[in-house]
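Sequence order for the protein chains is H and F. Using this note's numbering, read the first sequence as starting at 44 and increasing by one per residue. Using this note's numbering, read the second sequence as starting at 6 and increasing by one per residue. Using N, Cα and C, we set each Cβ at its ideal position, and we do this for glycine too. In this text, all values refer to a predicted model and were calculated from it rather than measured experimentally.
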Amino acid sequence: MNQWKNFSKGFFKDNPVFVMLLGMCPTLGVTSSAINGLGMGLATTFVLVMSNIVVALVKDFIPEKVRIPSFIVIIASFVTVVEMVMQAYLPALFEALGLFIPLIVVNCLVLGRAEAFASKNTLGSSVVDGLGMGLGFSMALTMLGAVRELFGSGKIFGLSLFSESYGMLIFVLAPGAFIALGYLTAFINKVRKA
Amino acid sequence: MTYFIIIISAIFVNNIVLSQFLGICPFLGVSKKISTGIGMTGAVTFVMVIATIVTYFIQEFILEKFGITYLQTISFILVIAALVQLVEIVLKKVSPPLYQALGVFLPLITTNCAILGVAIMTVSRDYNLIEAVIFSASSAVGFGLALITFAGIREQLDLVNVPKGMQGAPIALVVAGLLAMAFMGFAGLV
Chain H
44 MNQWKNFSKG
54 FFKDNPVFVM
64 LLGMCPTLGV
74 TSSAINGLGM
84 GLATTFVLVM
94 SNIVVALVKD
104 FIPEKVRIPS
114 FIVIIASFVT
124 VVEMVMQAYL
134 PALFEALGLF
144 IPLIVVNCLV
154 LGRAEAFASK
164 NTLGSSVVDG
174 LGMGLGFSMA
184 LTMLGAVREL
194 FGSGKIFGLS
204 LFSESYGMLI
214 FVLAPGAFIA
224 LGYLTAFINK
234 VRKA
Chain F
6 MTYFIIIISA
16 IFVNNIVLSQ
26 FLGICPFLGV
36 SKKISTGIGM
46 TGAVTFVMVI
56 ATIVTYFIQE
66 FILEKFGITY
76 LQTISFILVI
86 AALVQLVEIV
96 LKKVSPPLYQ
106 ALGVFLPLIT
116 TNCAILGVAI
126 MTVSRDYNLI
136 EAVIFSASSA
146 VGFGLALITF
156 AGIREQLDLV
166 NVPKGMQGAP
176 IALVVAGLLA
186 MAFMGFAGLV
């Protein structure tokens, strides 16, 4: 398989957020700022790549019937690793992401790639697939976070572009997440088809 | 009084879907018709309450007792996955009509982050057993309220002429945003 195609499909053609609508909970929940979105995206990427590697390695030893629970245990182990490392070295980000870090376990994107891709393909392709999908997911989260941060408080990555008093608070709050993602999805679909 | 506050807060103010962003996948996925929305709500309520009780005991008597709370994520998700299977088998045997009604939704529930989310929230807020049951039940009611309202709106949405670029997911997300805005009216209630 063409590895470049395999890698790049996660960004536009099969973007997990805008096209496949997977992993919506963290997408909406943590993107009140661009940096939170990026942090969540990279944490998910790590879990995705590692679980893809392990699943691709052990796929021949797992009986068909218990494969889903086995995949969940593999994913949960890496999530625990991320949780502990983040708590130790990035406590501020850990606080901001909160509940959504343990919830990476039930992110349908991670289980979906393990089941649909890594359990059927070679180690190399699985790593590339995990990287592409994970970075595509990170890109989507960062974009959404940047849009919400910009409209909500006039900043991007904490850099002030205009006065905070012009910001629309609604974009930082819950409804803004849905609305911003709705319009962003429409926009990306338009660009994708053009 | 504390119980009352937990109920109002979980259903309206901190609605699990519209303000906590948990369970978005079923919220967007099975909300095309009111009837499927009701079925999903039933299945979620059932599993959520049982899962919260079971994980409460696991946290209390196994994880904390042996000082292995770092295994929380792994043990909780395994318990929930096993529980969903168990509920499915028991329901099939004990109550075929109920199984008929909820059956198709049960496998989807393992990856519903609302279940794991509520279990973890219960533990991190130090609820006792009664509070945990009340909290999980009212969270499920909140999930149902959001899901069924949204399904009702989407049924109406089928009849209108949506601009081409906004069809499908984008318009659903914008509608969900407006619904979330309506729920923000409850803020400050408790």
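Check                                                                                                               : Outcome
Closest residue to V234/H among F55/H, D172/H, K48/H, V122/H (Cα-Cα distance)                                       : F55/H
Below-9 Å beta-carbon distance, S51/H vs any chain F residue                                                        : no
Under 7 Å from the C-beta of V122/H: neighbouring residues of chain F                                               : T78
Of the residues F180/H, V124/H, M127/H, M129/H, the one placed nearest N150/H, counting alpha carbons only          : F180/H
Below-9 Å beta-carbon distance, K233/H vs any chain F residue                                                       : yes
DSSP bridge partner residues for I199/H (one or two, in chain order)                                                : L202/H
Residue nearest to G47/F in terms of C-alpha spacing, selected from Q172/F, F148/F, V84/F, A177/F                   : F148/F
Euclidean distance between Cα positions of F158/F and G80/H                                                         : In the sequence under discussion, the amino acid at residue 158/F is Ile, which differs from the Phe named in the question. In a straight line, the C-alpha of I158/F is about 30 Å away from that of G80/H.
Contacts of A161/H in chain F (Cβ-Cβ under 8 Å)                                                                     : Near A161/H there are no residues of chain F at all, since even the closest Cβ is about 17 Å away, more than 8 Å.
Residue nearest to M93/H in terms of C-alpha spacing, selected from M83/H, I117/H, E107/H, R110/H                   : I117/H
Near-chain H residues of the segment 84-111 of chain F (beta-carbon distance less than 7 Å), N- to C-terminal order : A86
Any chain F beta carbon closer than 9 Å to P69/H                                                                    : yes
Residues that S24/F contacts on chain H, provided the C-beta gap is smaller than 8 Å                                : A217
Between the CA atoms of G225/H and L162/F - distance to the nearest angstrom                                        : 15 Å
Any non-hydrogen atom of the ligand FAD closer than 8 Å to V60/H Cβ                                                 : Although the ligand FAD was asked about, the structure shown includes no ligands whatsoever.
Where G72/H meets chain F, residues with beta-carbon distance less than 7 Å                                         : F26
Assigned exposure category for Q25/F - 16 Cβ within 10 Å defines buried                                             : buried
Cβ of N117/F within 9 Å of any chain H Cβ                                                                           : yes
Contact under 9 Å by Cβ, T87/H with L187/H                                                                          : no
Integer-rounded CB distance, given that A77/H should sit under 8 Å from F200/H                                      : 5 Å
CA-to-CA distance, M182/H to I96/H, given in whole angstroms                                                        : 22 Å
Beta-carbon neighbours of T228/H, restricted to chain F and to distances below 7 Å                                  : A174, P175, L178
Identity of the residue in Y75/F, T115/F, V165/F nearest F51/F by Cα                                                : T115/F
Cβ neighbour criterion (16 or more within 10 Å) applied to L184/H                                                   : buried
CB of I111/H within 9 Å of CB of V148/H, strictly                                                                   : no
Contact set between M127/H and chain F, taken where Cβ atoms lie within less than 8 Å                               : Y75
A237/H in three-state terms, based on DSSP                                                                          : coil
Proximity below 9 Å, CB of A151/F to CB of N19/F                                                                    : no
7 Å Cβ cut-off: residues of chain H touching A185/F                                                                 : A217, P218, F221
9 Å Cβ cut-off: residues of chain F touching G225/H                                                                 : M171, A174, P175, I176, A177, L178, V179, V180, A181, G182
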